[in-house]
Each structure stands twice: as C-alpha cells, then as structure tokens.
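Some notes on the structure that comes next.
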Amino acid sequence: MPRRLLSFACLVVVLVGCARSGPVATTVGTAAGGTAAGTPDASATRPATASASPEASATPTPSAPARVDCTKLKCVALTFDDGPGPQTPTLLATLVDKKVPATFFLVGRMIKQHPATARRIAQTPGMTVANHTMIHPMLTRIAAARAAAEITDNTKLIQKTTGVKPRYFRPPYGLHNNRTDAVAKKLGQAVVLWSAGALDWQYDTPAKIVEVTLPQITPGAIVLAHDIHPWTIKAVPSLIAKLRAKGYTLVSLDDILRNPRAGNTYSRGLH
Ligand SMILES: [Zn+2]
C-alpha cells in the first residue's frame, strides 16, 4: 500500500478510536482499516546506540502516586511504545520530575539492547512495563504459532530482565485477532489499544505533536506515543502542562482501567 494511503488509514483509525466511548471489548481481527498499520514505529529498524552509560544514569525516585478514582476525575493515561531506546531515560526523568505515571510497551529486540533501561522503568514507582512483542510484526499476518511466540517470548524476556510479570499487551499496529487475544489471556494480559495517537511517526516537532494530540483527548483517554522519537520526548513536558491546565489527572493504566480482564481489549479507560 502506498505510504500516503497507509498514513491516511492510520489517521482514520485514530480518529475512529477517539470517537469511541467506554471500554471496548471487541477484537479487530482483520487488517481492514489498517489499524495504524502505517505507523512506521520503527523499533524493528532503528539502530541502537550500544552505549550503556546513559541507561545507567541515576533517575530520581518519585513517591508512589496515590490511587485515583477515574469515574470522578478527568483521567488520561500516557503510554509509550517501541522502546526502550537511547532517550528513554530522559523521558523517565521528565515523568518522575512531573510526577506522571506512564506505561511502556517494550519490544523484546529493544530490551536486549537496553536492558538496564528496561529494569529502571520497572523499578521506578508509577511506571509500568508491558508487552509489545519481540520484533514488532503484524501479528495477524504471520503464522499463528509465530504470533503466539512473539507474545510469549517477550513476556518471558520482560520477566527475566525486569523481574516484573507484564499485565498488559499491545499488539503492534493495533493488529490482533481471537488467536492473539487468547494468548494474551493465557498470559494474564489485557489487550490495550489507544484512543488518542500522538502521530509522532508522522510529525517530528514537539509543537505539532502537542497540537494534534490534545484535541483527541477526552476523559478516559489512553494516549499512544513512542519513546524512540526525540521530538516526542521533548513534547512531553508541554503535553503534561496543557493536560493539567485542562483539568486532567495523569494516571497509570492500573487506575484508568481498574481491574481489566486478561484477553479483553481496551481502547479507553474509566471516565
Ligand atoms: Zn509499536
């Protein structure tokens, strides 16, 4: 599919996702609509800097965020996919400084390159490590056994590397089906999509990312961004400030979903 068409399909999907209300428990089995299939979230291709020193740098430890009631407050949850990358520690320091929880959907290939960062995320109060497959394939377009291995192997890798058993799974490009959902269920993971996309695979300036993200956000929103992009990391402080100015409380997936069921699909949280 031509890149422009793919991008359009992605935009449509993001907008459709935004229009939904309430938790979604349906599967998106086919690739129709692309479900963000054009997102070149390039974990699979982006080279890693082998330097370990930035990952080992100390990040201040925040106090554990208080549990909040998202049926009463305007909640929004930030999620970051495709890392950990070389600049993830910078993002982590920003989130800690601003006392904002977040969930990181980690790709196995990247965990192998930045294991210390994966551990640091897991050890930072308020932060959640989650499953985004080993090499970021389109799970609905590969053999079922291979798709299952992508989900299961990364679960094991996250556990081995961070000591944490992931409870959330996000299929790359949002592409999942009954078979992948069943694997997630068996592993005790809820399938988490998103309702607002930062479109940081399309735009590469912090101002533009904030500009396109904010209008998509309503109470209960789950925001998809990518911590492999420097412009995204630069956009985060402004995004947080503007969300707070609009009365939003930034919360974890645990708070916005509150006891999600393994194998079920969620695009939004409580509101
Ligand atoms: Zn991804």
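In this text, residue positions in the sequence shown follow my numbering: the first is -12, and each later residue adds one.
Note that beta-carbon positions come from the ideal geometry of N, C-alpha and C, so glycine has one too.
Query	Result
Residue-chain proximity (T252, chain C), Cβ-Cβ < 9 Å	Absence of chain C from the displayed structure is noted, only one protein chain being present.
Own chain, CB closer than 8 Å to A135, minus 5 neighbours either side, in chain order	R166, T167, V170
In DSSP terms, what T90 is bridged to	T66, T115
According to DSSP, residues forming a beta bridge with Y253	V179
For Y235: DSSP bridge partner residues	K61
C-alpha distance - I209 paired with A232, whole-angstrom precision	18 Å
Identified DSSP bridge partners for G184	L211
Where A35 sits in the DSSP three-state scheme	Confidence in A35 is poor, its pLDDT being 35 and thus under 50, which makes the residue's placement too unreliable to answer from.
Cβ neighbour criterion (16 or more within 10 Å) applied to A183	buried
Stretch pair the region 85 to 94 + the region 58 to 66: three plus CB contacts closer than 8 Å	yes
Y253 versus P73: straight-line alpha-carbon distance, rounded	29 Å
N251 versus P76: straight-line alpha-carbon distance, rounded	31 Å
Pairwise C-alpha distance: P158 and V178	8 Å
Alpha helix (DSSP H) segment containing T200, residue limits	193 to 200
CB-CB length for D69 against H101, believed under 8 Å	With a Cβ gap of about 12 Å, D69 and H101 do not count as contacting.
Rounded C-alpha distance that separates L211 from P71	15 Å
8 Å contact criterion, which G95 and N141 should meet: CB distance rounded	4 Å
Test item: CB-CB of R106 and G161 under 9 Å	no
Pick from C57, T148, P224 that is closest to L79, judged by C-alpha positions	P224
Close-in-space but distant-in-sequence residues of the same chain around A39 (CB under 6 Å, 5 per side omitted)	Low confidence applies here, because A39 scores a pLDDT of 35, under 50, leaving its location unreliable and the question unanswered by this model.
Residues sharing a beta bridge with Y155, DSSP	A177
Short Cβ contact (9 Å threshold) for L237 with G256	no
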